[in-house]
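Peer 1:
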Amino acid sequence: MAMAEKKNEYPPGVEADRKLLRFDTWEDYLDSLIEIADLRNLRSIASARTIAALGYRAYGDTLSEREFYTRRAAIHEIVYPKGKPYVLVSEGADLEDSFNRELAVRERANRIGILQSIIFIRHYTRGGFEISGYIDFAHRLISENWTPFFKQGKTLWPRDSDLGYYHWRHGTVRSNISRNYKVSLLIILDGFNGGTVGDDHPLLFPALGETSFRLLLTKNHPVPTSAF
């Protein structure tokens, strides 16, 4: 098992829209575009706002009233998200298992969105066939119940709905979009909140530009190895 992680940062588009938070109303936004010469010549704040609304006082596109409130509400939710209740299912679990312990350490941060962890996991069937995949930990935390994994000894297996999935015996290869990532080139992952996680092969190279922690699974019991 290998794990790549990144802390969320705002992409350029989000950073640009953050400026809208300075304005409480669309009129305030238009006032920021008005030039002193407009007030002197037009002698009317209403007329000056009309000129600004028509796009004559902005270097880029001027937002309509609807666009302003829609985008301001969206950026406000990103920058100041409402608290969402959650339960840490790893609390009280037997964390002698090193794999569960590493996941438990990261559970809260992944649930509240300040950290995103990608788990690479590989299993072999009794016939020796590989089943492996890349798991968006934050995505699966909210899409399934993790109590069986932390408290009932259930083994974590990749699914064909995860970021990446490979089943040697069936000849199945899948790549999917999660809530946080899309697969650009095989296992080069672009985060929707900015940043890229890449990994040529988790057993050969560390994740590019990210923090990677590796655990080798032996009979379903992870054995920690040197961190990359």
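Position one of the sequence shown corresponds to residue 1 (the UniProt record's numbering), numbered consecutively onward.
Ideal placement from N, C-alpha and C gives every residue a C-beta, glycine not left out.
So, are the CB atoms of Ala138 and Gln116 less than 7 Å apart?
Peer 2: Going by C-beta atoms, Ala138 is nearer than 7 Å to Gln116.
Peer 1: What residues in its chain sit with their C-beta under 6 Å from that of Leu204, if we drop five residues either side in the sequence?
Peer 2: At Leu204, the pLDDT of 34 sits below 50, so the modelled position is not reliable; the number obtained from the coordinates is stated separately. Cβ within range, chain order: n/a, list empty.
Peer 1: Just tell me which of Ile78, Tyr86, Phe150 and Gly133 has its CA closest to the CA of Glu102.
Peer 2: Out of Ile78, Tyr86, Phe150 and Gly133, Phe150 has the C-alpha closest to the C-alpha of Glu102.
Peer 1: Which residue marks the beginning of the alpha helix (DSSP H) containing Val105, and which one marks its end?
Peer 2: Residues Ser98 to Ile112.
Peer 1: If you draw a straight line from the C-alpha of Ala74 to the C-alpha of Lys82, how long is it?
Peer 2: One C-alpha to the other measures close to 12 Å.
Peer 1: Would you be able to state if there are at least three C-beta pairs under 8 Å between the stretch 61-68 and the stretch 26-37?
Peer 2: Flag = yes, the stretch 26-37 and the stretch 61-68 touch.
Peer 1: Which residue's Cα is closest to the Cα of Ile119: Ile112, Phe99 and Arg111?
Peer 2: Per the Cα distances, Phe99.
Peer 1: May I ask which residues mark the beginning and end of the alpha helix (DSSP H) holding Ile51?
Peer 2: First-last of the alpha helix (DSSP H) with Ile51: Ile45 to Ala53.
Peer 1: With distances taken Cα to Cα, identify the nearest neighbour of Ser53 among Tyr124, Ala104 and Glu67.
Peer 2: Checking the sequence shown, residue 53 turns out to be Ala, not Ser. With distances taken between Cα atoms, Ala53 lies closest to Glu67.
Peer 1: Look up Val79 in the DSSP assignment and say whether it is helix, strand or coil.
Peer 2: Correct three-state label for Val79: helix.
Peer 1: Can you list, in chain order, the residues of its chain whose CB lies under 7 Å from that of Asn110, leaving out five sequence neighbours each side?
Peer 2: Excluding residues within five positions, the ones whose Cβ falls inside 7 Å are Gln116, Ser117, Phe137, Ala138 and Leu141.
Peer 1: So, at 6 Å on beta carbons, what are the nonlocal neighbours of Val173 in its own chain, with the 5 sequence-adjacent residues on each side left out?
Peer 2: Only Tyr166 meet the Cβ criterion.
Peer 1: Below 8 Å on the Cβ atoms is my contact criterion, and I expect Leu20 with Arg72 to pass it. Report the Cβ-Cβ distance as a whole number of Å.
Peer 2: Sure, about 5 Å apart at Cβ, within 8 Å.
Peer 1: Report the residue ranges of all beta strand (DSSP E) runs contained in full by the stretch 107-147; include only those spanning at least 3 residues, in chain order.
Peer 2: Counting only runs of 3 or more, we get 116-124 and 130-136.
Peer 1: Is Thr172 helix, strand or coil by DSSP?
Peer 2: Three-state result, Thr172: strand.
Peer 1: By Cβ distance, which residues of its chain are closer than 7 Å to Ser178, with the 5 residues on each side in sequence left out?
Peer 2: The answer, listed in chain order, is Asp136, His139 and Leu163.
Peer 1: Going straight from the alpha carbon of Arg49 to that of Thr70, what length do you get?
Peer 2: Going from the Cα of Arg49 to the Cα of Thr70 covers about 20 Å.
Peer 1: Using C-beta distances below 8 Å, list every residue in its chain close to Asn220, excluding the 5 sequence neighbours before and after it, in chain order.
Peer 2: The pLDDT assigned to Asn220 is 42, lower than 50, so where the model puts this residue is not dependable, and the model offers no usable value.
Peer 1: From Arg122 to Gly55, what does the alpha carbon distance come to, in whole angstroms?
Peer 2: Computed Cα separation, rounded: 56 Å.
Peer 1: Does Leu189 come out as helix, strand or coil in the three-state DSSP assignment?
Peer 2: With a pLDDT of 49 at Leu189, under the threshold of 50, the modelled position of this residue cannot be trusted; read the value that follows with caution. Three-state result, Leu189: strand.
Peer 1: Should Ser44 be labelled buried (16 or more other beta-carbon atoms within 10 Å of its own) or exposed?
Peer 2: Counting Cβ neighbours within 10 Å, Ser44 comes out exposed, since fewer than 16 surround it.
Peer 1: Looking at the unbroken alpha helix (DSSP H) that takes in Tyr29, where does it start and where does it end?
Peer 2: Unbroken alpha helix (DSSP H) run through Tyr29: Trp26 to Asp31.
Peer 1: Give me, in chain order, the residues of the same chain whose beta-carbon lies closer than 8 Å to that of residue 290; leave out the 5 immediate sequence neighbours on both sides.
Peer 2: The structure shown does not extend to residue 290, since the chain is modelled only from 1 through 228, so no value can be given for it.
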